[in-house]
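*Asks:*
Quick look at the structure:
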């Protein structure tokens, strides 16, 4: 879900984290990830290329094998966690994150795109409450109907009763993906309609009316 193996607020900080080579397996979604999967990640991120796993070794890893340890379904508690976090945000934050989501590359949202397609079984481009319920059950989420309604409300920014692709991507974004300067500028420009360099009350009102 787009959580880089090494992260800091600045590029210099990221480089320092890479040099240290210390992986963060404490933050979400890693606590729910199997030890076998973590072992595979460790072998692929060894700093010394001579000691790092080759493509062949990766494919032979127990987690990757057809009868190996990888689960048949993408059980990911971080999905529910992020939807709930998105639900707790105010409307302006939701709008800003949605703007950022629309500026991300195909590579950055590939995983979420596949998840959306899996839930949107009729390929309508939007997820209904029933599709969301079925999809969450498929990924191992055991939620009450009232909780599923809350999840729907969390992602449905425009209150249409369904979740559009852009809304789904926005709700799945990890904060690490929205803190790049170019993404923040894209969100700022969306609110600053007159290009004044400032966001006024009128700008905010106009932005809210558009969603």
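Residue numbers (UniProt numbering): 1 to 211. Every residue gets a Cβ at the ideal spot worked out from N, C-alpha and C, and that includes glycine.
1. What would DSSP say about residue 119, mapped onto helix, strand or coil?
2. Identify the continuous alpha helix (DSSP H) that holds residue 145 and give its terminal residues.
3. Work out the CA separation of residue 171 and residue 87 for me, nearest whole Å.
4. From residue 126 to residue 119, what distance separates their C-alpha atoms?
5. For residue 15, report the span of its alpha helix (DSSP H) as first-last.
6. Pull up the CB-CB distance for residue 40 and residue 23, whole angstroms please, since I reckon it's below 8 Å.
7. Over what stretch of residues does the alpha helix (DSSP H) that includes residue 39 continue unbroken?
8. Three or more C-beta pairs under 8 Å: does that hold for the stretch 96-116 against the stretch 163-170?
9. Distance, Cα to Cα, residue 131 vs residue 196?
10. Determine the DSSP secondary structure at residue 184, reduced to helix, strand or coil.
11. Hey, could you find the ends of the alpha helix (DSSP H) residue 166 is sitting in?
12. So, at 7 Å on beta carbons, what are the nonlocal neighbours of residue 72 in its own chain, with the 5 sequence-adjacent residues on each side left out?
13. Among the residues of its own chain, which have a CB less than 7 Å from the CB of residue 47, if the five just before and after it don't count?
14. Buried or exposed: which applies to residue 135, given that a residue is buried once 16 or more other Cβ atoms fall within 10 Å of its Cβ?
15. Could you tell me the alpha carbon to alpha carbon distance between residue 156 and residue 42, rounded to whole angstroms?
*Replies:* Taking the structure as given:
1. Against the chain shown, residue 119 aligns to sequence position 119. Here DSSP, grouped into helix, strand and coil, assigns residue 119 to helix.
2. Counting from 1 along the chain shown, the entry for residue 145 is found at position 145. For residue 145, the uninterrupted alpha helix (DSSP H) run begins and ends at 145-155, by DSSP.
3. Taking the first residue of the chain shown as position 1, residue 87 is located at position 87. Taking the first residue of the chain shown as position 1, residue 171 is located at position 171. Taken atom to atom, the span from the alpha-carbon of residue 87 to that of residue 171 is near 8 Å.
4. Start at 1 with the first residue of the chain shown, and residue 126 comes out as number 126. Start at 1 with the first residue of the chain shown, and residue 119 comes out as number 119. Straight-line measurement puts the Cα of residue 119 at about 9 Å from the Cα of residue 126.
5. Mapped onto the chain shown, residue 15 falls at position 15. From DSSP, the alpha helix (DSSP H) with residue 15 extends over 11-20.
6. Reading the chain shown from its first residue, position 40 is the one you call residue 40. Reading the chain shown from its first residue, position 23 is the one you call residue 23. In fact, because the Cβ distance is near 12 Å, the residues do not count as touching under 8 Å.
7. Taking the first residue of the chain shown as position 1, residue 39 is located at position 39. Annotation for residue 39: the continuous alpha helix (DSSP H) segment containing it runs 35-44.
8. Enough Cβ pairs lie closer than 8 Å, so yes.
9. To locate residue 131, count along the chain shown from 1; it is residue 131. To locate residue 196, count along the chain shown from 1; it is residue 196. In this model, residue 131 and residue 196 are separated by some 43 Å (Cα to Cα).
10. Taking the first residue of the chain shown as 1, we reach residue 184 at position 184. Note: residue 184 maps to helix in three-state DSSP.
11. In the chain shown, the residue the question calls residue 166 occupies position 166. First-last of the alpha helix (DSSP H) with residue 166: 165-172.
12. The residue given as residue 72 occupies position 72 in the chain shown. With a pLDDT of 48 at residue 72, under the threshold of 50, the modelled position of that residue is not reliable, and the figure given next carries that caveat. For residue 72, where only same-chain residues beyond five positions count, there are no Cβ hits under 7 Å.
13. Along the chain shown, one-based indexing puts residue 47 at 47. The residues are 21.
14. Residue numbering aside, residue 135 sits at position 135 when the chain shown is read from its first letter. Buried: at least 16 other Cβ atoms inside 10 Å.
15. Against the chain shown, residue 156 aligns to sequence position 156. Against the chain shown, residue 42 aligns to sequence position 42. CA-to-CA, the gap between residue 156 and residue 42 works out to about 37 Å.
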